[in-house]
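Novice: I'd like to ask some things about the structure below.
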Amino acid sequence: MANPLKLPMVPRALRNLLSRPATRRYPYEIRPRFVGARGTLEFDVETCNYCTLCMKRCPAAAITVSREDRIWAIEQLTCIACGVCVDVCAKKSLSMSVDSRHVHTMSEVGPQGQRPGHEEWHKPADVAPAPVAGTAPAES
Amino acid sequence: MKRTVIPFGPQHPVLPEPIVLDLILEDERVVDAVPTIGYIHRGLEMMVERVEYTEMGFVVERICGICSFMHGMGYCVSLESIMKIEVPERAQWLRLIWAEISRIQSHLLWLGLGADAFGFENLFMHCWRMREEILDIFEKTTGGRVIHSVNRIGGVKRDISDAELAAILVRLEELGKEFKKTASVFSTDPSIAHRLGGVGVLTAEEALTTATVGPMARASGIATDTRLNGANLYNQIEFQPITETAGDCLARVVVRLREVDQSIDMIRQAIDKMPKGEGLALENKPRGNPVGETFTRLEQPRGEVVYYVKANGTKYLERFRARTPTFANVPAMIQLVKGCELADVPNIILTIDPCISCTER
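As given, the protein sequences belong to chains A and B, one line each in that order. What the first sequence shows, in the working numbering, is residues 187 to 326, in sequence order. What the second sequence shows, in the working numbering, is residues 1001 to 1361, in sequence order.
Next comes the structure, spelled out in structure tokens:
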């Protein structure tokens, strides 16, 4: 037997005495996220055409899209960051960033009991001014 | 003699998940045990009626946080066999590699919990330190540490570059060397041998009659391993199921120790044999809706899991059911607990590697 004294932990214990701890001093020392990690879903309101495909394919039903009202909304706390919406988005309006989601506290719940993490994007631009003659109306 | 009933659980220091055993004692000896489950039933199987089959995979892999990859894989393999989709070869190899990495992860987690249960907290921390590096490999390659979401029906979502695969193999082999030293603590430390040796002996015959699966059965000398059926490219890998003959708690620990080495060896073989190159096909997307039904068997870290899927031609499946390894091992656990000392109950319960979230879904 390699270790006749049956003290197999001793070499490791000596190494631990001389080496840095295996843990990090979180939150003072934060390990950067790996490239490609799935963190937060990000949305670009300028390129979205409100096709509602992301809403239909979302397994957690976190996304609400209204074509008439031009609203794209997400419950960030319901989102499971699976990345399906990023795959199906034809306009590449959706992307996944590596940063983890913002942690909300109960004090952030709205006066009507709105859940924290609910975010909405509106695109009011093509409702207000009448289209100039000769230019096509905005694609819906 | 007067009997005492002691409730074991749902909250107990050794239990990672809630299960209740009403232990009926005569003096210090357990004469009977009545298990109760149902604390974490979430109705995930019922969700097939509301979630489309293409997205149901994300629900299935949330059945359990430790076997998450294998659950997602099992669901996708079931749908692929119903819809007769051929999965690209590299995608199958990647699935095999991830599956074996998740087996290492699960065994390291369990060895840590086991060490904690018999009071060796130092060893628990060393096992979990090694597990952390496996989770880092998962985050690098799949984007998630616990929930991987890379399995799609017809393939996998992400590729691992050949250079990164080589780096992962180097890392795993270093980890394997380090693990051997930790494993020698489990197998040679006299206090562990004293605590686990000869406790909760399950003979080969009992293991067969109670239909145990996975490491539990292999520790009793039954060479059962679902990977031997050769599906999912396991026929191209050389391996023998790891068996021990003692059938006690220590044998169940040793089987899992040796399976970690075996998984590293399987990953080495897989990386050698898989087709190399960039931009190879990874996914054949499903077309139309599935019709038919199927059974799929996989070897999870805890043993054989069976999936039943029935599809009716709509985008919602008619039935999805998973028979998980812990469910198969609970009858043997009850049999082992009968007749043992009260102080041995935590070790016996933990050495079957109970995964209650899987069992209840």
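Positions of the beta carbon are idealized from the N, C-alpha and C atoms, including for glycine.
1) Tell me the DSSP secondary structure of A/Q262 in three-state form.
2) For the structure I just gave you, are there three or more beta carbon pairs, one from the region 1041-1053 of chain B and one from the region 1309-1319 of chain B, closer than 8 angstroms?
3) Please identify the residue among B/K1285, B/A1311, B/T1245, B/F1138 whose C-alpha is closest to the C-alpha of B/G1221.
4) Assess contact between the region 1223-1234 of chain B and the region 1321-1331 of chain B, defined as three or more Cβ pairs (one per stretch) separated by less than 8 angstroms. Is contact present?
5) At a CB-CB cut-off below 8 angstroms, which residues of chain B make contact with A/R224?
6) Would you kindly report the start and end of the unbroken alpha helix (DSSP H) that includes B/L1196?
7) Under 8 angstroms between C-beta atoms, does A/I266 make it to chain B?
8) Between B/L1282, B/E1028, B/K1002, which lies nearest to B/V1156 when the distance is taken from Cα to Cα?
9) What is the DSSP secondary structure of B/Y1316, counted as helix, strand or coil?
10) Helix, strand or coil for A/A324? Go by DSSP, reduced to three states.
11) Helix, strand or coil: how does DSSP classify B/G1155 here?
12) Should B/N1312 be labelled buried (16 or more other beta-carbon atoms within 10 Å of its own) or exposed?
13) With DSSP collapsed to three states, give me the class of A/M282.
14) Which class does A/L203 belong to by DSSP, given the choice of helix, strand or coil?
15) For the region 234-255 of chain A, enumerate the residues whose C-beta is nearer than 7 angstroms to any C-beta of chain B, in chain order.
16) For the ligand HEM, any of its heavy atoms closer than 7 angstroms to the Cβ of A/V272?
17) If you measure between the beta carbons of B/C1127 and B/C1358, is that distance less than 8 angstroms?
18) Quick one: is B/L1079 buried, meaning 16 or more other Cβ sit within 10 Å of its Cβ, or exposed?
19) Would the region 226-237 of chain A count as touching the region 271-282 of chain A if we require 3 or more Cβ pairs under 8 angstroms?
20) Can you tell me which of the three DSSP states B/C1358 falls into?
21) Would you list the one or two residues that DSSP bridges to B/L1025?
22) The region 1176-1200 of chain B: which residues have C-beta closer than 8 angstroms to a C-beta of chain A, in chain order?
23) Using 8 angstroms as the limit for Cβ to Cβ distance, is A/R206 near chain B?
24) Since B/E1100 is in the alpha helix (DSSP H), which residue starts that stretch and which ends it?
25) Are the C-beta of B/R1129 and some C-beta of chain A separated by less than 8 angstroms?
26) Out of B/A1328, B/P1346, B/L1336, B/D1344, point me to the one whose CA is closest to B/E1360's CA.
27) Let me see if you follow: with CB-CB separation under 8 angstroms, is B/H1126 close to chain A or not?
28) Can you grab the Cα-Cα spacing for the pair A/S326 / A/I257, in whole Å?
29) Does any CB atom of chain B fall closer than 8 angstroms to the CB of A/P410?
30) Please list, in chain order, all residues of the same chain as B/I1040 whose beta carbon is under 8 angstroms from its beta carbon, the five residues on each side excluded.
31) In whole angstroms, give me the CA-to-CA distance for A/E232 and A/S279.
32) From A/A259, A/R201, A/C268, pick the residue whose C-alpha is nearest to that of A/H304; which is it?
33) Assess contact between the region 1203-1214 of chain B and the region 1265-1278 of chain B, defined as three or more Cβ pairs (one per stretch) separated by less than 8 angstroms. Is contact present?
34) Quick check: the region 1156-1176 of chain B against the region 1255-1269 of chain B, are there 3 or more CB pairs under 8 angstroms?
35) Leaving out five residues on either side along the sequence, give the residues of the same chain with a beta carbon under 8 angstroms from the beta carbon of A/A188.
36) Report yes or no: is there a C-beta of chain B within less than 8 angstroms of the C-beta of A/R287?
Specialist: Checking against the coordinates, here is how it stands:
1) Looking at A/Q262 - three-state DSSP - the assignment turns out to be coil, as it is neither helix nor strand.
2) Contact annotation: the region 1041-1053 of chain B touches the region 1309-1319 of chain B, with at least three C-beta pairs closer than 8 angstroms.
3) Considering only alpha carbons, the answer is B/T1245.
4) Short answer: they don't touch.
5) Those are G1143, G1144, S1149, listed as they occur along chain B.
6) Run containing B/L1196: 1190-1196, per the alpha helix (DSSP H) assignment.
7) Answer yes: the Cβ-Cβ gap between A/I266 and chain B drops below 8 angstroms somewhere.
8) Checking every option, the nearest Cα to that of B/V1156 belongs to B/L1282.
9) Residue state, collapsed to three classes: coil.
10) With a pLDDT of 49 at A/A324, under the threshold of 50, the modelled position of this residue cannot be trusted; read the value that follows with caution. It is coil, neither helix nor strand.
11) Three-state DSSP puts B/G1155 in a strand.
12) With fewer than 16 other Cβ atoms within 10 Å, it is exposed.
13) When secondary structure is reduced to three states using DSSP, A/M282 falls in the strand class.
14) The answer is helix: DSSP assigns A/L203 an H, G or I state.
15) From the region 234-255 of chain A, only R243, P245 have a Cβ closer than 7 angstroms to chain B.
16) Only the bare structure without any ligand can be found here, which leaves the ligand HEM out of the picture.
17) No; because the gap between Cβ atoms is not below 8 angstroms, this pair is not in contact.
18) So B/L1079 counts as buried.
19) Verdict: yes, contact present.
20) In the structure shown, B/C1358 sits in a helix (DSSP, three-state: H, G or I).
21) Residue pairing for B/L1025: DSSP places it in a beta bridge opposite B/T1004, B/V1030.
22) Under the 8 angstroms Cβ criterion, the region 1176-1200 of chain B contributes K1181, T1182, S1184, V1185, T1188, D1189, P1190.
23) Answer no: the Cβ-Cβ gap between A/R206 and chain B never drops below 8 angstroms.
24) Going by DSSP, B/E1100 is part of the alpha helix (DSSP H) stretching over 1089-1117.
25) Yes, B/R1129 lies at the interface with chain A (some Cβ there is under 8 angstroms from its Cβ).
26) It is B/A1328 whose Cα lies nearest to the Cα of B/E1360.
27) Cβ-Cβ to chain A under 8 angstroms: yes for B/H1126.
28) Low local confidence applies: a pLDDT of 45 at A/S326 is under 50, so the model's placement there is unreliable, with the coordinate-based value given in what follows. One alpha carbon belongs to A/S326, the other to A/I257, and they sit about 12 angstroms apart.
29) Given a span of 187 to 326 for chain A in the structure shown, any question on residue 410 of chain A remains unanswerable.
30) If we look at B/I1040 and ignore the five residues flanking it on each side, its Cβ neighbours are E1017, P1018, I1356, S1357, E1360.
31) A/E232 and A/S279 have their C-alpha atoms some 8 angstroms from each other.
32) Looking only at A/A259, A/R201, A/C268, the smallest Cα-Cα distance to A/H304 is reached by A/A259.
33) The region 1265-1278 of chain B and the region 1203-1214 of chain B do not touch, with fewer than three beta-carbon pairs separated by less than 8 angstroms.
34) Under the three-pair Cβ rule at 8 angstroms, the region 1156-1176 of chain B counts as touching the region 1255-1269 of chain B.
35) Reliability of the predicted coordinates at A/A188 is poor, the pLDDT of 48 falling under 50, and the value obtained from them is presented with this limitation in mind. Contacts found: none.
36) With 8 angstroms as the cut-off, A/R287 does not count as an interface residue toward chain B.
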